[in-house]
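Colleague: Numbering (my numbering), first residue to last: 716 to 927.
Every residue gets a Cβ at the ideal spot worked out from N, C-alpha and C, and that includes glycine.
Supplied in structure tokens, the structure appears directly below.
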DNA sequence: AACGGGATGGTT
DNA sequence: ACCATCCCGTTG
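Spelled out as structure tokens, the structure:
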């Protein structure tokens with residue numbers, strides 16, 4: 716149970732999070748993604764934000780996981796190697812997930828909220844909004860802010876091109892407390908606490924009682 | 001071809 | 001609490 720080596724010899728790794736990071740137990744990946752940085756570089760424009768909220772969708776006995784219901788063209792990427800993007804459309808918007816665990820498992824982590832870091836004016840333009848909290852709070856909002864759409868389904872995030880993840884400065888253990896709750900918007904498996912968030916962070920989504 | 005629900009989000 | 005909007009899996 717050693718933490719993933721964000722730091723080697725005291726030097727922060729600058730390369731993107733690799734397949735090994737994602738190819739682990741899904742709830743663990745979901746928790747350790749908190750504090751890392753999601754980056755998009757589209758049309759030479761870099762936008763990025765620190766992840767503050769995630770949800771795990773498990774490979775077995777999780778009725779809310781898309782892969783549990785059907786293996787079709789839409790969900791095929793979930794059954795492939797870890798570290799690929801699963802972008803799916805919902806209500807005329809998009810959600811961004813990262814495939815986890817071993818091939819054929821069918822599991823992923825949904826990214827639900829970011830703290831904006833770079834490219835904020837680009838995010839504002841894409842969102843048609845100026846208020847910082849309206850930019851990247853909520854899974855479909857952050858996709859729009861970072862320019863993520865269906866064309867990014869099945870992108871290999873470990874390549875460090877177009878969309879990838881960076882270790883960032885991680886969580887500050889004294890300030891950043893991780894809490895869990897039931898997942899937002901899911902109608903089945905409601906007793907499961909598979910949503911993870913940085914307690915009290917300004918950019919976490921949901922009602923107040925699910926943010927503090 | 002038609003139907004209905006959804007891991008949303010903005011408005012009332 | 002309501003609903004715009006549209007994709008996709010299911011049914012006929």
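Is residue 887 buried or exposed, if buried means 16 or more other CB atoms sit within 10 Å of its CB?
Modeller: Burial call: exposed.
Colleague: Does the region 749-763 come close enough to the region 801-808 that 3 or more CB-CB pairs lie under 8 Å?
Modeller: Counting Cβ pairs under 8 Å, fewer than three are found: no touch.
Colleague: How about residue 943 and residue 820: are their beta carbons less than 8 Å apart?
Modeller: Outside the shown range of the chain (716 to 927) lies residue 943, about which nothing can therefore be said.
Colleague: Suppose only complete runs of 3+ residues qualify. What are the beta strand (DSSP E) ranges in the region 809-895, listed by chain order?
Modeller: Qualifying beta strand (DSSP E) stretches, in chain order: 823-833, 878-881.
Colleague: Could you check if residue 777 is buried or exposed, using at least 16 other CB atoms within 10 Å of its CB as the buried criterion?
Modeller: Under this definition residue 777 is a buried residue.
Colleague: Near residue 864, which residues of its chain fall below 6 Å by C-beta distance, leaving aside the five closest residues on each side in sequence?
Modeller: The answer, listed in chain order, is 809.
Colleague: Alpha carbons only, please: which of 828, 830, 839, 874 is nearest the one belonging to residue 731?
Modeller: Of 828, 830, 839, 874, the residue nearest in Cα terms is 874.
Colleague: Are the region 903-923 and the region 785-799 touching, with three or more C-beta to C-beta distances below 8 Å?
Modeller: No contact exists between the region 903-923 and the region 785-799.
Colleague: With three or more C-beta pairs closer than 8 Å as the rule, is the region 823-842 touching the region 761-774?
Modeller: Counting Cβ pairs under 8 Å, three or more are found: they touch.
Colleague: Label residue 742 either buried or exposed according to how many other C-beta atoms from any shown protein chain fall within 10 Å of its C-beta, with 16 as the threshold for buried.
Modeller: By the 10 Å Cβ count, residue 742 comes out buried.
Colleague: In three-state terms, what does DSSP make of residue 901?
Modeller: DSSP places residue 901 in coil when its eight states are reduced to three.
Colleague: For residue 894 and residue 765, I'd like the C-alpha separation in whole angstroms.
Modeller: Cα-Cα distance, rounded: 17 Å.
Colleague: Can you give the Cα-Cα distance for residue 855 and residue 735, rounded to whole angstroms?
Modeller: Straight-line Cα distance between these residues: approximately 27 Å.
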